[in-house]
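Here the structure comes first, spelled out in C-alpha cells, and everything after it is commentary.
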Amino acid sequence: MAVITLCSASGSPGVTTTAVGLAMCWPRPVLLVEADPSGANGVLAGIFRGARDYDGGLLEVASSPLAVSDALRDVVRSIEATEVSFVVGAQTHTQAAGLGGLWAPLVEALADLERGGQDVIVDAGRLGLVGSPEPLLSWADLTLLLTRTTLPALAGARTWAEGLRSPSATSWREPGLLLVGEGPYGKQEVSKALSLPVVATVTDDPAAAAVYHRGAPPPRRFASGPYVRSLRAAAHAITGAVARRHDELTADLTGDVTS
Ligand SMILES: Nc1ncnc2c1ncn2[C@@H]1O[C@H](COP(=O)(O)OP(=O)(O)OP(=O)(O)O)[C@@H](O)[C@H]1O
Ligand SMILES: [Mg+2]
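And the structure:
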C-alpha cells in the first residue's frame, strides 16, 4: 500500500488527467488527493463537469480544530460505483498558498490510511509554485515527474531532474518518471537524459484522455482501448515498483538487525 505523488515541471503534460485516470483504473481502493497549488479545481470542474458542488476539502481540514486524520475523514467523498474516493484541494491559488502548515501533518494522516490498506494518489500540480506541497513530494513512496517526450518538455523536466540529483537540493525518497506519450524520444533516451527511471508510459490519446480531463463522453471501446490499457499497465508498474522498493528496504533492515 502506498502514497504516490504526481507532478510536472512545465507545460501541462496531463498530471490531473493521469491522476484521475490512474485512480479509476487502480486495482485496489484508492484515495485521490488534490494538492495542486494552482487551485485549478481539476476534479470538480473536470470529471464532474461542474455538476457537483464544493462541499468541503483540504481548506476545511486546515482550519479544523480536529486532528488532521479525523478532519480528513469528514471531507473524503466517493465516486459512485467505484472504489475511488477523493479529497478536493484549494479552490484558488491564494487559498492554496495558505495551506503550507497542512502538508506535514497530512503526510502523517495519509501514511495512517496507507497502513490501513488504502493507496493514495496525490496531484501535486506543477513544481515550484507558491504553496507547492513539498512534504507530499519528498515523503511519497514514489514521486513521479510527468513529462511528454518532446524536446521543450524534456528541457523543462531536466532542470528539476538535475536538482533532484544534487545533494543540496530538496530530494524525493523515490523519484521516477511517468511519460505521457512516447516520441519523438523513447523511454531509454529519456531515462538516460534525465538520469531517472521511467516507471510507466501512458498512451497519448486526446479523445480518451478527455474523459478524465473534462468528463467528455467516452469514445468507442474506451474501456478496452489503448489509453485505459496503458493506465492499467501504469498502475501495475507503479504498484510493482513500490512493492520492490518496500522489499529492498525490509531486506536492508533485516540485514542491519541480523548483522
Ligand atoms: N494521455 C493523454 N493523451 C492526450 N492528451 C492528454 C493526456 N493526458 C492529458 N491530456 C490532455 O492534456 C491537457 C492537459 O491535461 P491536464 O489538465 O491533466 O494537465 P496538467 O498537467 O494537470 O496541467 P496543469 O499544470 O495546468 O494542472 C488536457 O487537454 C488533457 O485532455
Ligand atoms: Mg493539473
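This note's numbering puts the sequence shown at residues -5 to 253.
Even for Gly, the Cβ is constructed at its ideal location relative to N, Cα and C.
For the region 79 to 125, list the beta strand (DSSP E) runs that are entirely contained and at least 3 residues long, ordered along the chain. 113 to 120
Any non-hydrogen atom of ligand 4 closer than 7 Å to Ala245 Cβ: By its list of ligands, the structure shown excludes ligand 4, since it contains just ligand 1 and ligand 2.
Name the DSSP bridge partner or partners of Glu28? Asp117
Within 10 angstroms of its Cβ, does Thr195 collect 16 or more other Cβ (buried), or is it exposed? It is buried - the Cβ of Thr195 has at least 16 other Cβ atoms within 10 Å.
Tell me whether Gln112 is buried or exposed, calling it buried when 16 or more other Cβ atoms sit within 10 Å of its Cβ. buried
Strictly under 8 Å for the Cβ-Cβ distance: is Arg239 near chain B by that measure? Note that chain B does not occur in the displayed structure, where there is just one protein chain.
Return yes when the Cβ of Arg208 is within less than 8 Å of the Cβ of Cys19, no when it is not. no
Using a threshold of 8 Å, state whether the C-beta atoms of Glu176 and Thr143 are closer than that. yes
Restricting to Cα atoms, I'd like to know which of Gly95, Ala103 and Ala75 is closest to Val27. Ala103
Contact the region 56 to 70 vs the region 3 to 21: 3+ CB pairs below 8 Å: Inter-segment contact for the region 56 to 70 and the region 3 to 21 is absent: fewer than three beta-carbon pairs are separated by less than 8 Å.
What is the rounded straight-line gap between the Cα of Ser132 and the Cα of Thr153? 17 Å
Within this structure, are the beta carbons of Tyr221 and Thr248 separated by less than 8 Å? No; because the gap between Cβ atoms is not below 8 Å, this pair is not in contact.
Say whether the region 119 to 134 touches the region -2 to 7, bearing in mind that this needs 3 or more beta-carbon pairs closer than 8 Å, one atom from each stretch. At 8 Å Cβ cutoff, the stretches touch.
Cβ separation of Gln89 and Asn35, assumed to be a contact under 8 Å, to the nearest whole Å: About 11 Å; that fails the 8 Å criterion.
Within its chain, find whatever has a CB closer than 7 Å to the CB of Ser58; leave out the 5 residues flanking it on each side and keep chain order. Ala65
Taking the straight line between their C-alpha atoms, what separation do you get for Gly51 and Gly125? 16 Å
By Cβ distance, which residues of its chain are closer than 6 Å to Thr(-1), with the 5 residues on each side in sequence left out? Val116, Ala118, Leu130, Leu131, Ala134 and Thr137
Any chance the CB of Asp241 is under 7 Å from a heavy atom of ligand 2? No heavy atom of ligand 2 is found nearer than 7 Å to the CB of Asp241.
DSSP bridge partner residues for Val196 (one or two, in chain order): Val174
Alpha carbon to alpha carbon, what distance is there between Glu108 and Val192? 24 Å
How long is the line joining the alpha carbons of Ala56 and Ala98, rounded to whole angstroms? The straight-line gap from Cα to Cα measures roughly 11 Å.
Which residue marks the beginning of the beta strand (DSSP E) containing Ser2, and which one marks its end? Val(-3) to Ser2
Where Leu53 sits in the DSSP three-state scheme: helix
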